[in-house]
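Start counting the sequence shown at 1; every next residue gets the next number (full-length UniProt numbering).
Note that beta-carbon positions come from the ideal geometry of N, C-alpha and C, so glycine has one too.
See below for the structure under consideration.
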Amino acid sequence: MSHLLVKPSTPDQNGKVIEVTPANAGWKYVGFNVHKLSKDQAISEQTTDREICLVFVSGKGTVSVDDQDFGSLGERMSPFEGDPWSVYIPGGCTWSLTAETDVELAVCSAPVTSAPDKRLKPRVISPKQASRETRGQGTNVRHVANILPETEPADSLLVVEVITPGGHWSSYPPHKHDQDALPNESLLEETYYHRLNPSQGFAFQRVYTDDRSLDETFAIEDGNVVLVPEGYHPCGAPHGYDLYYLNVMAGPKRVWKFHNDPDHEWMLKS
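Okay, structure coming up:
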């Protein structure tokens, strides 16, 4: 199996089923974990030298950061049912979560870059704050929730989730962001956490570079993660199966500037 395709494991004592670190991914910035917690199960971790964004993929739970109690968060019981609740947590904090229902929790992380006295405060990102937009036309339409875009404060993290209806394409036309060449393109590592509705479905994702030194195509199943260290990375959802994915991006500069594959950019002008 390609090292770019990460499948869920048996839950550990903290319900962790996915663990992507810079070390095991072979890159520098992005970390991504998924915990599946049973009702009343609790976890507690430290952020140390990384900032994180907790995303309630599904379920409800109470969250605290250091001595600050954020109370009960979460609303949807499926990522296909509504908008996300999230929590931003800077480096040097201890956070805790207790599940009020079964919870699927994504822990998105990236390096802290600000000095200790300049770090941001922990904050809740409500569904109303996760701005919604629809991108594309025809069978390229997909629905986006900007959880932690570059217009909102953070050190390194960019977090977004997308619903792609069955029969549609997403991250399409193919684009990439693997060159530190601003203002035209930024260098950002990226993870795609995929969910499917109904869950027995599948989807496809291709990751490829211009010279095809990297060119891999994956049949994605529910709960899989695809790593995008470089290259273009379009997704396709077959008829009858809606595709959800949660993106985490980070790099040397917190800017999302992408470059379209010139072979396919023509469709944006038609």
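Tell whether a beta-carbon distance below 9 Å holds between residue i and residue j.
{"i": "residue 225", "j": "residue 214", "result": "no"}
{"i": "residue 172", "j": "residue 34", "result": "no"}
{"i": "residue 256", "j": "residue 177", "result": "yes"}
{"i": "residue 59", "j": "residue 101", "result": "yes"}
{"i": "residue 246", "j": "residue 110", "result": "no"}
{"i": "residue 267", "j": "residue 189", "result": "no"}
{"i": "residue 244", "j": "residue 79", "result": "yes"}
{"i": "residue 174", "j": "residue 234", "result": "yes"}
{"i": "residue 211", "j": "residue 232", "result": "no"}
{"i": "residue 95", "j": "residue 51", "result": "no"}
{"i": "residue 191", "j": "residue 32", "result": "yes"}
{"i": "residue 217", "j": "residue 200", "result": "no"}
{"i": "residue 145", "j": "residue 130", "result": "yes"}
{"i": "residue 91", "j": "residue 168", "result": "no"}
Work out the CA separation of residue j and residue i for me, nearest whole Å.
{"i": "residue 149", "j": "residue 157", "result": "8 Å"}
{"i": "residue 138", "j": "residue 71", "result": "41 Å"}
{"i": "residue 4", "j": "residue 136", "result": "27 Å"}
{"i": "residue 103", "j": "residue 66", "result": "21 Å"}
{"i": "residue 153", "j": "residue 161", "result": "18 Å"}
{"i": "residue 230", "j": "residue 253", "result": "16 Å"}
{"i": "residue 40", "j": "residue 62", "result": "10 Å"}
{"i": "residue 77", "j": "residue 195", "result": "13 Å"}
{"i": "residue 16", "j": "residue 36", "result": "6 Å"}
{"i": "residue 8", "j": "residue 222", "result": "9 Å"}
{"i": "residue 108", "j": "residue 269", "result": "35 Å"}
{"i": "residue 26", "j": "residue 49", "result": "19 Å"}
{"i": "residue 151", "j": "residue 53", "result": "15 Å"}
{"i": "residue 42", "j": "residue 64", "result": "11 Å"}
{"i": "residue 14", "j": "residue 47", "result": "16 Å"}
{"i": "residue 11", "j": "residue 57", "result": "16 Å"}
{"i": "residue 313", "j": "residue 264", "result": "Past the edges of the chain, shown from 1 to 270, lies residue 313, and the structure says nothing about it."}
Using CA coordinates, which residue listed in the options is at the minimum distance from residue i?
{"i": "residue 24", "options": "227, 115, 53, 66", "result": "227"}
{"i": "residue 198", "options": "129, 166, 212, 153", "result": "166"}
{"i": "residue 75", "options": "92, 155, 55", "result": "55"}
{"i": "residue 186", "options": "258, 116, 115", "result": "258"}
{"i": "residue 112", "options": "64, 264, 29, 11", "result": "29"}
{"i": "residue 141", "options": "170, 64, 14, 117", "result": "170"}
{"i": "residue 182", "options": "251, 159, 118", "result": "251"}
{"i": "residue 209", "options": "81, 203, 179", "result": "179"}
Quickly, what does DSSP pair residue i with across the bridge? List them, please.
{"i": "residue 235", "result": "170, 205"}
{"i": "residue 95", "result": "45, 65"}
{"i": "residue 196", "result": "243"}
{"i": "residue 228", "result": "190"}
{"i": "residue 215", "result": "208"}
{"i": "residue 77", "result": "For residue 77, which the question treats as bridged, DSSP gives no partner whatsoever."}
{"i": "residue 87", "result": "54, 124"}
{"i": "residue 9", "result": "DSSP, once it has assigned bridges, lists no residue as partnering residue 9."}
{"i": "residue 160", "result": "146, 247"}
{"i": "residue 151", "result": "The partner list for residue 151 (beta bridge, DSSP) is empty, contrary to what the question assumes."}
{"i": "residue 32", "result": "20, 108"}
{"i": "residue 176", "result": "259"}
Take every Cβ of the segment 84–99, pair it with every Cβ of the segment 120–133, and state whether three or more of those distances are shorter than 8 Å.
yes
Three-pair Cβ contact test at 8 Å for the segment 12–27 versus the segment 62–76
no
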